[in-house]
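The working numbering puts the sequence shown at residues 66 to 369. Built from N, CA and C at the ideal position, the CB exists for glycine as well. As the structure is a prediction and not an experimental result, all values here were calculated from the model. Below is one structure; the comments refer to it alone.
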Amino acid sequence: MLAQYLDINPEVKAALEAGRPVVALESTIISHGMPYPQNVETALKVEQIIRDNGAVPATIAILKGRLKVGMTHDEIEYLGKAGQAVIKTSRRDIPFIVAKQADGATTVASTMILAAMAGIKVFATGGIGGVHRGAQQTFDISADLQELANTDVAVVCAGAKSILDIGLTLEYLETQGVPVVGYETETLPAFYTRESDFGVDYRLDTPKQVADAMTAKWQMGLKGGVVVANPIPAEYALDKAMIDQVIKDAVAEMDAKGISGKASTPFLLAKVAEKTEGSSLAANIQLVFNNAKLAAQIACEYSR
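Written out as structure tokens, the structure reads:
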């Protein structure tokens, strides 16, 4: 039944059938995360980092209504050029994008869904979505969190995006039974910075330890994902006090303009990039590279 919707790239398919390591990658970062051609260059570099660390990359999107698990260079180029004209696609959007034979860039939630359809267990991204600031009034909570509760994929990220309410995000994950692992850290990284004011559930220090926990969880039938929070390398981290103030100002501007829902994250990230004169974008790229490397190492251990 799935075959009528799903296209698995031949290289990815061969790796999965042989039990070799594969790492899923999202496509919203290509379409909405940065301008062309930087977005395409970054996407291809991320794929190369995964190859250099022993795994096969599978960048995921929806193109002309087909669920693509593993994209060609031409397809990544097409998506990068289309940019924000491509629909940002979460769980609820998938059937409509497919039915309209449209193009969709996958978020963390939808990338997890398509990865799971293909049998991929490890996914590298920038930061997960979460509970937005002021959610007590707006109920603005990312679908990423619910997907983590239900879908058996480990998500390697630089923690929760610092534009979010990190405390409430962790509370939500705890309620849903999603473990938050700190890689070589006991505090949750906050995307642009190596730490926040919040701790993680478990500190693990090697890719094998992460892979062993994933194996135990899923072999026992405990469904749902794992958050592997990997701090941005120290040399690329931004100053915490500075970034907190920039985000506070950006949130106030967003509220004044009445921006909400799926438009809020791109707005806030663009504002942060503007206020930090591009240093946040450079940090974003470096943390994605760092997460890709760790994800490949975890995938290699898991496949063993």
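Inter-residue Cα distance where the pair is residue i and residue j
i	j	result
ASP266	VAL151	36 Å
GLY130	VAL353	27 Å
GLU212	ALA219	11 Å
CYS222	PHE256	8 Å
ASN295	PRO254	7 Å
ILE115	PRO160	30 Å
LEU109	GLN351	14 Å
GLY343	GLU140	27 Å
ALA348	ALA276	27 Å
GLN113	LEU132	22 Å
ILE185	ALA83	13 Å
ARG309	SER325	In the sequence as displayed, the identity of residue 309 is Asp instead of Arg. Cα-Cα distance, rounded: 20 Å.
GLN149	HIS97	5 Å
Other residues of its chain near residue i: CB distance less than 8 Å, five sequence neighbours each side excluded
i	result
ALA278	PRO244, VAL246, TYR267, LEU269, VAL291
ASN356	ALA189, THR190, GLY191, VAL221, CYS222, ALA223, ASN295
Close Cβ partners of residue i (< 7 Å) along its chain, the five nearest in sequence each way excluded
i	result
GLU236	none
SER155	THR172, ALA174, SER175, ALA208
ALA80	VAL87, VAL121
LEU67	MET182
CB contact flag (residue i, residue j, <8 Å)
i	j	result
GLU142	VAL105	yes
THR216	GLY286	no
ALA170	ILE95	yes
ALA214	GLY242	yes
MET136	ALA126	yes
SER27	LEU303	Lying outside 66 to 369, the shown extent of the chain, residue 27 is not represented and no answer is given.
ASN118	LYS336	no
THR252	PHE263	yes
LEU333	ALA317	no
VAL111	ILE73	no
THR258	LYS305	yes
Whole-angstrom C-beta distance between residue j and residue i, which should lie under 8 Å
i	j	result
LEU90	THR124	4 Å
GLY145	PRO102	7 Å
PRO272	ILE363	5 Å
VAL77	ALA120	That belief does not hold up - the Cβ atoms of VAL77 and ALA120 are roughly 11 Å apart, past 8 Å.
THR93	MET99	The pair is not a contact, with the Cβ atoms about 11 Å apart (cut-off 8 Å).
VAL311	THR341	6 Å
ILE178	THR330	In fact, because the Cβ distance is near 19 Å, the residues do not count as touching under 8 Å.
Beta-carbon contacts of residue i that lie in its chain and below 6 Å, excluding the five residues immediately before and after
i	result
ASP230	VAL196, ARG198
LYS226	GLY192, PHE256
LEU233	VAL196
ALA360	VAL88, VAL187, ALA189, VAL221
Beta-ladder partner(s) of residue i, from DSSP
i	result
GLY197	According to the sequence as given, residue 197 is His; it is not Gly. HIS197 pairs with LEU229.
TYR248	LEU269
PHE188	ALA89, VAL220
ILE152	GLY169
GLY264	THR252
PRO122	VAL88
Interface flag, residue i vs chain B, CB-CB below 8 Å
i	result
VAL292	In summary, chain B is missing from the structure at hand, where a single protein chain is found.
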